[in-house]
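Here UniProt numbering is used: position 116 in the sequence shown is 116, and no number is missing along the way.
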Amino acid sequence: MLAAILLLPIVALAVQPARSEGPPAWAYPVNPPGFKPAPDDGKPRSVPDSGASYTVPQTRDLFLAPVWHPEDHPALPDIVAHGRKPDVFACGFCHRANGQGGPENADLAGLPASYI
């Protein structure tokens, strides 16, 4: 019994997974070398249950917050919808038109006034 108690920590250390260098690859996906996105065809795109449509360049414009469901919130203030060129991006571009953000950024509720 004493031998088992003494060997248990050694066995536990032996079966631990090896520590890898750096963060896990799945957490930071990157395009493979030489990746080229499909060329933009200029056609407007839409999302389910929305009458709004935007071209790919519009969805990448930091001074335009796509409003896919305008019925879900009041009209956007100009700074939220378009920002202030050249330095202040549209707030809604990152935090979405409803201010709730997404997995890549914050919900505006609770942020300090200095941020807003």
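From the three backbone atoms N, C-alpha and C, an ideal C-beta is built for every residue, glycine too.
Start-to-end residues for the alpha helix (DSSP H) that takes in residue i
i           : result
residue 137 : Residue numbering for the chain in the displayed model covers 1 to 116; residue 137 lies beyond these limits and cannot be assessed.
residue 92  : 91 to 95
Rounded Cβ spacing between residue i and residue j (contact assumed at less than 8 Å)
i          : j           : result
residue 81 : residue 92  : 6 Å
residue 88 : residue 79  : 7 Å
residue 90 : residue 106 : Not confirmed; about 16 Å, so no contact.
residue 44 : residue 53  : 4 Å
residue 30 : residue 40  : At roughly 21 Å, the Cβ-Cβ gap does not stay under 8 Å, so residue 30 and residue 40 are not in contact.
residue 36 : residue 63  : No, residue 36 and residue 63 are not in contact; Cβ-Cβ is about 26 Å, not under 8 Å.
Environment of residue i [buried if 16+ CB atoms lie within 10 Å]
i          : result
residue 42 : exposed
residue 83 : buried
residue 97 : buried
(message) List, from N- to C-terminal side, the alpha helix (DSSP H) runs of 4 residues or more that fit wholly inside the region 40 to 68.
(response) As far as the region 40 to 68 is concerned, its whole alpha helix (DSSP H) runs of at least 4 residues are 56 to 59.
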